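Student:
Numbering (this note's numbering), first residue to last: 3 to 321.
1. Looking at the structure shown, is residue 177 part of a helix, part of a strand, or coil, going by DSSP?
2. From the DSSP output, in three-state form, read off residue 2 for me.
3. Report the rounded CA-to-CA distance for residue 231 versus residue 130, giving the unit in angstroms.
4. Rounded to whole angstroms, what's the CA-CA distance from residue 261 to residue 128? Just pull it up for me.
5. With DSSP as the reference, please indicate the residues paired to residue 119 in a beta bridge.
6. Leaving out five residues before and five after residue 185 in sequence, what residues of the same chain have Cβ atoms less than 8 Å from its Cβ?
7. Could you tell me the alpha carbon to alpha carbon distance between residue 14 and residue 279, rounded to whole angstroms?
8. Between the alpha carbons of residue 19 and residue 28, how many angstroms are there, rounded?
9. Work out the CA separation of residue 212 and residue 193 for me, nearest whole Å.
10. On the three-state DSSP scale, how would you describe residue 321?
11. Where residue 149 and residue 73 are concerned, what is the direct C-alpha to C-alpha distance, given to the nearest angstrom?
12. Distance, Cα to Cα, residue 63 vs residue 69?
13. Quick check on residue 112 - is its C-beta less than 9 Å from some C-beta in chain D?
14. Quick one: what's residue 223 bridged to in DSSP?
15. Determine the extent of the beta strand (DSSP E) in which residue 235 is found, giving its start and end residues.
16. Helix, strand or coil for residue 47 per DSSP?
17. Among the candidates 164, 102, 81, whose CA atom is the shortest distance from the CA of residue 314?
18. In whole angstroms, what is the alpha-carbon distance linking residue 277 and residue 198?
19. Residue 206 and residue 312 - do their beta-carbons sit closer together than 9 Å?
20. With DSSP collapsed to three states, give me the class of residue 260.
21. Determine the closest residue to residue 296 out of 83, 309, 112, 40, with distance taken between C-alpha atoms.
22. How is the alpha helix (DSSP H) around residue 193 delimited, first residue to last?
23. Nearest-angstrom Cα distance between residue 321 and residue 268?
24. Considering only residues of the same chain and omitting the five flanking positions on each side of residue 304, which have a CB-CB separation below 6 Å?
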């Protein structure tokens, strides 16, 4: 079955490393010569330059594709593939720059009967798999907390396409939020607060909220983008506290103890490749969609994300 990898970014290089290890035949489609040269040097795989439109004009559309371009181009590239005949697509998170783009992608997939999956690779970490197992063993999660602090002093000087930094919560921080809600259920009854402002993220600089998920799990979150901090998720059961900090690792605090214990993980693939990417890519190719977020689900999640981030009407174009 024909497979295209769209993009020659560093993320696309990580996908190519996985695809090469699986011994698959695939076509890489890129635009600029500079990124193509870097990609070919890093992966040993040739890049068809000229962009996606040119490739679709010259060649038959692939049966399936992985889209790993810039956030601002994700939805457009995926829609172009769908309209050309591609019926199974793995698109990098978050699937679009705003809810409007995600909705356009969802509608295109629905019209043409295409399967579109959003690549939140932290769902596929070895640490996440172990946590899912422990949560089931303990009879389910009871509560959860998470932090998605971003380092403003690092992000502010970055050169990004227009609109990307303004949508940074959706574009980047949802890695954390998606993982927490993946493990504990998405919100059912909740409240959100946000305040402050940054030049590069004017909607808010500080965030907090709490509520109950659809699985009956109590949750709370906090982030301050003007203060020190880091990403982290903690899931509590009646027997254990599960700590993701950093996300690739898992620590456990058993009931009756205050000592965090490192959990031994079968994470050789997370060390050989970008964490979660091998397992995620193989699941996509094997059509094992159980852990994926669909385009339909992502659109519903965008309503949650907009509330958390303060992306009200007009804050993000198209949302």
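Using N, Cα and C, we set each Cβ at its ideal position, and we do this for glycine too. All values reported here derive from a predicted model rather than from experimental measurement.
Tutor: According to the structure data:
1. helix
2. Nothing can be reported for residue 2, as the shown portion of the chain is limited to 3 through 321.
3. 22 Å
4. 22 Å
5. 92, 296
6. 130, 133, 134, 137, 143, 146, 235, 237
7. 11 Å
8. 12 Å
9. 6 Å
10. Note that residue 321 has pLDDT 37, beneath the 50 cutoff, so the model's placement of it is unreliable and the number below is only indicative. Note: residue 321 maps to coil in three-state DSSP.
11. 22 Å
12. 14 Å
13. Included in the structure is just one protein chain, with no chain D present.
14. 148, 211
15. 233 to 238
16. coil
17. 102
18. 33 Å
19. yes
20. coil
21. 112
22. Segment 189 to 197 is the beta strand (DSSP E) holding residue 193; no alpha helix (DSSP H) there.
23. Note that residue 321 has pLDDT 37, beneath the 50 cutoff, so the model's placement of it is unreliable and no number is given.
24. 101, 104
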